[in-house]
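Structure first, then comments.
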Amino acid sequence: MQRVLIIGGGAAGMSAASWIRRLSPDMKVTVLESTQMVSHAPCGVPYFLEGLFDDPNLFMTYEPSFFIEKRGIDLRINTRVKELNIKDRHVTVEIKDKVESIDYDYLILATGSVPITVKNDGTERVYFVHHPAHASELRKALWSLNKIAVIGGGILGIETAEALSVKGKKVVLIHRGKYPLNRMVDEDISSFFLPKMISEIDLRLGEAVLEVRDKGRLVITDKGEYKVDGTVIAIGVRPNSDLVKGQLKLGVYDSIVTNEKMETSEKGVFAAGDVAQSFNLITKQSDWVPYAPVANKMGFVAAFNVSGIEKKFPGVVGTMITKYRETLVGKVGLTSAEATRYNFKIKEALVKHKTRARYYPGSKDIWVKLIANEKDSRILGVEIVGQEEVLGRLDVLAEAIMKGATVEDLFFMENAYLPAVARVWDPLVLAARKIYAGD
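Each residue of the sequence shown is one higher than the last, beginning at 1 in full-length UniProt numbering.
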């Protein structure tokens, strides 16, 4: 019997484990997870902080007992990997103060990511919004505070700031960028959501945090100091690849290099999810995209190849979405600034439109910015802001970009029309027309 060992029970790990059990029922599948949660949803932590739900078990698609009893997976929670020897196909683990050795034939690394931190003098009131296994204690701690600093104006920082603001906390959001979400959208797009943030949150933009002192109660930046009751550090994550440094080839941000089959530089060893490097279909360069949909599909591909059935992960285009209050902000592909950095000569169009027919009540504003390659009119990216019908349009563009669609292709797309949810001229088509026809 061949033995498959999976380290990490998140989206990628449990996706891989479940598919291997389905495809190769004769294989023994063991999953090691350091917390009590598996198949979990870290993206839900800000909404738990906001109080939109109270049961932490809802973070999990299925509880551990389901995978053990229904799917026959040897799932070991609260199990920490002490040592991994890839050459000898051997791992040493610690569970309940006991040390155990496990040998394997195939290994899938799905260890996820870990938060990036800033210099601080203690952890008493320094918090990270990362793993749902710690969400309950995090919520209890933050709800007891009044004034909270949130460091980082990316997706996680914005969502955390919103959650705490909704709970009546005074939030100071400190961000080194010129505007929030600056790694996600261009500056002109930020003007459509920034005023609302400014009206509700104490935004400190263009400030770099140097240190957090007094056990989370004092934040020192290059422009001043902020006295608060506690500090949330949300400046991003990095691949959790420390376990394999010196044993496997690492790439972007120290993510694990894989081929299209999710196999690493060592035969029989695979990586999937936030710890794995990917390939950007637009830039044709290595990339790293730590998001759940990508992780699940990487786990799926790894499982098939471990089972002897060839599947290939094609790559990524960087599809992402977040929100602040009622406003959704999303992008696919490259922003104008990113495209320029990658030496594309671009054409772009920004349109403002409505989401419903002029006579149908409840219509909302929507802004679409389309970026295309000047040379061949291939679509490079899109940025969208609005209060409804944002997600579907992002998904349309994700598929279009993955297939190498041009502005002309998008213009002649046969889009659906219903006055209650759309206009005859879809904003995506209008943006395409603006580039295609030069109007």
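All C-beta atoms, glycine included, are put in the ideal place defined by N, C-alpha and C.
- For F270, the enclosing beta strand (DSSP E) has its first and last residue at 269-271.
- Excluding sequence positions up to five before and after V407, its CB lies within less than 6 Å of the CB of A372, S377, A432, I435, Y436, all in the same chain and listed in chain order.
- Of V209, V237, V257, the smallest CA-CA separation from G224 is found for V209.
- With distances taken between CA atoms, L32 lies nearest to A17 out of A141, A17, L49.
- The C-alpha of V329 lies about 21 Å from the C-alpha of N280.
- Contact between the stretch 126-145 and the stretch 224-243 is present, with at least three C-beta pairs closer than 8 Å.
- The stretch 42-130 is shown to contain whole beta strand (DSSP E) runs of 3 or more residues at 74-76, 80-85, 90-95, 98-103, 106-109, 113-115, 126-128, in chain order.
- Around the beta carbon of F48, 16 or more other beta carbons lie within 10 angstroms, which makes this residue buried.
- For the pair of segments examined, the stretch 340-356 was found to touch the stretch 413-421: the number of CB pairs separated by less than 8 Å reaches three.
- For a cut-off of 8 Å, the C-beta gap from Q247 to I108 is around 15 Å, too long to register as a contact.
- Taking the Cβ atoms as the reference, A349 lies roughly 12 Å from L380, outside the contact range of under 8 Å.
- The DSSP-derived three-state label of F279 is strand.
- In the structure shown, W367 falls within a strand segment according to DSSP collapsed to helix, strand and coil.
- Taking a C-beta distance under 8 Å as the contact criterion, Q285 and G251 do not qualify as a contact pair.
- Non-local C-beta neighbours of L243 in its own chain, meaning closer than 8 Å and more than five positions away in sequence, comprise I7, V81, L84, L109, T111, ordered along the chain.
- Straight across, the Cα-Cα distance linking M184 with I158 is about 12 Å.
- Here Q2 is near D105, since their CB atoms are less than 8 Å apart.
- In this model, G177 and G152 are separated by some 9 Å (Cα to Cα).
- If the five residues before and after G44 are omitted, its C-beta is found closer than 7 Å to the C-beta atoms of F59, P132, all from its own chain and listed in chain order.
- In summary, K331 is buried, with 16 or more beta-carbon neighbours lying within 10 Å of its beta-carbon over all protein chains present.
- A400 is positioned such that its CB atom lies closer than 8 Å to that of L410.
- In the DSSP assignment, E187 falls within the unbroken alpha helix (DSSP H) covering 187-190.
- Counting the other CB atoms within 10 Å of its CB gives N305 a total of 16 or more, which places it among the buried residues.
- The stretch 249-334 is shown to contain whole alpha helix (DSSP H) runs of 4 or more residues at 292-306, in chain order.
- Comparing alpha carbon positions, the residue from G13, P25, E50 closest to S39 is G13.
- Taken atom to atom, the span from the alpha-carbon of R217 to that of V228 is near 5 Å.
- W425 sits exposed, since fewer than 16 C-beta atoms from the chains shown fall within 10 Å of its C-beta.
- S15 counts as buried, since no fewer than 16 other beta carbons sit within 10 angstroms of its beta carbon.
- Using a C-beta cut-off of 8 Å, the stretch 300-315 makes contact with the stretch 254-265, since at least three inter-stretch Cβ pairs fall below that distance.
- Looking at the DSSP output, G230 sits in a beta bridge with I148.
- A distance below 8 Å separates the beta carbons of A149 and V219.
- Of Y62, P42, G10, R71, the smallest CA-CA separation from W19 is found for R71.
- In the DSSP assignment, D202 falls within the unbroken beta strand (DSSP E) covering 202-205.
- When secondary structure is reduced to three states using DSSP, T221 falls in the strand class.
- Using a Cβ distance threshold of 8 Å, A295 and G10 count as a contacting pair.
- The C-alpha of R213 lies about 15 Å from the C-alpha of K147.
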